[in-house]
Amino acid sequence: MVQQSVFSVGQVNQYLKAKLDGDRVLSAIAVRGEISNYKCYPSGHHYFSLKDSEGALKCVLFRSSAQRLRFRPENGMNVIARGRITVFPRDGQYQLYADGLIPDGVGELYVAFEQTKARLLEEGLFDEGHKKPIPAYPGTIALITSAAGAAVHDMIRILRARWPIAEVRLLPVRVQGTQAPAELAGALRYANAHRLADVIIIGRGGGSMEDLWAFNDERLARAIYDSEIPVISAVGHEPDVTISDFVADLRAATPSNAAELAVPDWREMSQQLDQFSARLRSAIIARLEEERGQLHRLSGSRVMTDPMTPIRDKRLLLDWQRERLISQMQALTQTWRSRLAGLAAGLDAMSPLKVLARGYSLAADEDDHLLKSVDQVEPGQKLRLRLSDGSVDCVAMKKRKDVADRAPEKEKL
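Everything in the sequence shown is counted per the working numbering, starting at 466 for the first residue and increasing by one.
Listed below in structure tokens is the structure:
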């Protein structure tokens with residue numbers, strides 16, 4: 466009986482790892498599948514699985530490789546992962562150690578562009594309400610572009626031809642390569658910090674999507690959004706669209722078109738000024754003719770030939786108003802006199818003195834309180850009788866109260 470060798474678990478895993486590492490196919494393999502269980506850890510490493518209808522494969526993308534990605538992997542995304550398959554000895558599981566990912570069916574740059582565009586759109590960097598108006602007559606224009614490209618010469622030529630009074634300031638930067646986004650964003654911040662211009666044109670000539678990629682960088686997009694100076698984006702040719710075009714205050718089809726949009730044409734302005742001058746001259750002549758006619762009419766008026774005429778007319782009017790006022794006051798005075806006489810007659814008719822004149826008298830106590838009933842008088846009380854022509858002081862000798870059913874005595878004459 467042949468004795469069988471016994472291996473430890475670690476030895477088995479190391480044996481399998483050596484086998485897989487020595488396989489030419491597995492050491493440099495490309496695997497197509499759908500991303501699932503995707504996680505990005507604080508360490509920068511990415512862990513996920515690739516799956517299809519027949520199975521799943523665990524994968525890891527280390528930070529050094531992940532930093533080269535131009536898009537962010539997401540669950541459900543179909544990709545092609547390139548790398549090597551080997552065993553992790555600690556747990557005995559084999560997995561794909563990817564060193565690169567590309568979207569399956571569409572380009573990597575296109576996916577990265579759409580992801581950045583969607584994220585910045587959600588944050589509000591493309592909102593129309595944030596965009597600033599381009600000044601109508603800028604005094605200083607800053608160009609942020611390459612100093613060696615044809616685009617800068619075209620822009621300077623057009624700016625000088627259209628608006629020669631403006632000062633053009635060039636901030637040369639790289640517009641292509643890994644360092645271009647940082648230089649473009651830095652030039653924008655520098656122009657704002659020192660208020661170098663009234664408007665900024667940022668861009669470059671045409672090229673492939675890779676050539677224009679610096680203008681899709683998120684750092685540049687945020688620098689454009691934060692700019693207090695209005696920014697015109699002029700990247701590539703008319704069909705080319707970048708993230709900078711969406712964020713900028715104005716998008717130009719080409720750098721040459723940006724120069725045309727940034728300044729007015731002095732020749733058109735001169736024609737407009739000539740038109741305004743002619744219209745102003747015509748308006749002044751018409752106004753002078755109108756005022757001259759008005760002056761002629763006034764010089765022949767009566768007030769100019771006989772200045773005292775208005776004074777005499779006003780004097781006659783004043784006399785007429787005075788007579789009218791006097792007449793109205795007299796009529797009103799007579800009316801109030803008649804009313805006063807009627808009121809006086811009514812008051813006189815109701816006067817107690819009239820009653821006394823007919824033979825009646827008023828009895829009062831010593832305090833001049835009128836007496837209305839015999840109950841207010843006691844025998845021996847001093848009384849005062851008021852007659853029509855004076856008063857009499859007397860003493861009550863006796864009081865007598867009339868019975869209700871007794872017929873009143875006839876008044877003695």
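All C-beta atoms in this analysis are idealised placements derived from N, C-alpha and C, irrespective of residue type, glycine included.
| Check | Outcome |
| --- | --- |
| Per DSSP, which residues does residue 609 bridge with? Please list them. | 636, 667 |
| Per DSSP, which residues does residue 855 bridge with? Please list them. | 852 |
| Is residue 866 helix, strand or coil by DSSP? | coil |
| Relative to the C-alpha of residue 491, which residue among 682, 498, 550 is closest? | 550 |
| If you draw a straight line from the alpha carbon of residue 677 to that of residue 701, how long is it in whole angstroms? | 7 Å |
| Would you identify the three-state DSSP class for residue 553, choosing helix, strand or coil? | strand |
| Under 8 Å: do the stretch 564-584 and the stretch 594-602 share three or more Cβ pairs, one atom per stretch? | no |
| I need the boundaries of the alpha helix (DSSP H) containing residue 829, first residue and last residue. | Note, residue 829: premise wrong, no alpha helix (DSSP H); beta strand (DSSP E) at 827-829. |
| Expressed to the nearest angstrom, what Euclidean distance is found between the alpha-carbon atoms of residue 686 and residue 653? | 11 Å |
| DSSP has residue 495 in a bridge; who is on the other side? | 547 |
| Assign residue 602 to buried or exposed, taking buried as 16 or more other Cβ atoms, counted over all protein chains shown, within 10 Å of its Cβ. | exposed |
| Taking the alpha carbon of residue 661 as the reference point, which residue from 693, 496, 520 has its own alpha carbon closest? | 693 |
| Can you tell me which of the three DSSP states residue 513 falls into? | strand |
| Under a three-way DSSP split, which group does residue 874 fall into? | Low confidence applies to residue 874: its pLDDT is 49, below 50, so where it sits in the model is not reliable enough to give any reading. |
| Whole angstroms is fine: what's the gap from residue 544's alpha carbon to residue 520's? | 15 Å |
| Measure the C-alpha to C-alpha separation of residue 528 and residue 637 and round it to an integer number of angstroms. | 33 Å |
| Which residue comes first and which comes last in the alpha helix (DSSP H) that contains residue 652? | 645-658 |
| Throw me the rounded Cβ distance for the residue 731 and residue 629 pair, which I believe falls under 8 Å. | 7 Å |
| Taking only runs that begin and end inside the stretch 770-804, name each unbroken beta strand (DSSP E) of 3 or more residues, in chain order. | none |
| Using only CA atoms, which one of 469, 607, 746 lies nearest to residue 728? | 607 |
| Count the other C-beta atoms from every protein chain shown that fall within 10 angstroms of the C-beta of residue 876, then say buried if there are 16 or more, exposed otherwise. | Its pLDDT being 45, under 50, residue 876 is placed unreliably in this model, and the coordinates cannot settle the point. |
| Is residue 502 helix, strand or coil by DSSP? | strand |
| Quick check on residue 874: buried or exposed, where buried means 16 or more other Cβ atoms within 10 Å of its Cβ? | Confidence at residue 874 is low in this model, with a pLDDT of 49, below 50, so the placement of that residue is unreliable and no value is reported for it. |
| Using the DSSP secondary-structure output, state which residues sit across from residue 860 in a beta bridge. | 847 |
| Can you tell me the Cα-Cα spacing of residue 489 and residue 480, whole angstroms? | 16 Å |
| Alpha carbon to alpha carbon, how far is residue 582 from residue 589? Give it in angstroms, no decimals. | 11 Å |
| Whole angstroms is fine: what's the gap from residue 616's alpha carbon to residue 622's? | 10 Å |
| Just verifying my parser: in three-state terms, what is the DSSP assignment at residue 698? | strand |
| For the stretch 668-750, list the alpha helix (DSSP H) runs that are entirely contained and at least 4 residues long, ordered along the chain. | 683-691, 708-712, 720-727 |
| Thinking residue 828 and residue 844 are a contact (beta carbons under 8 Å), I'd like their distance in whole angstroms, please. | Not confirmed; about 14 Å, so no contact. |
| Using only the alpha-carbon positions, how far apart do residue 870 and residue 839 sit? | Unreliable placement is indicated for residue 870, whose pLDDT of 47 sits below 50; the coordinate value is still reported in the next sentence. The alpha-carbon atoms of residue 870 and residue 839 are separated by roughly 17 Å. |
| Quick check: the Cα distance between residue 541 and residue 640, rounded to an integer number of angstroms? | 34 Å |
| Drop a sphere of 10 angstroms on the beta-carbon of residue 772, count the other beta-carbons inside from all chains shown, and report buried for 16 or more, exposed for fewer. | exposed |
| Evaluate contact between the stretch 708-724 and the stretch 741-749, counting only Cβ atoms and requiring at least three cross-stretch pairs below 8 Å. | no |
| By DSSP, does residue 561 sit in helix, in strand, or in coil? | strand |
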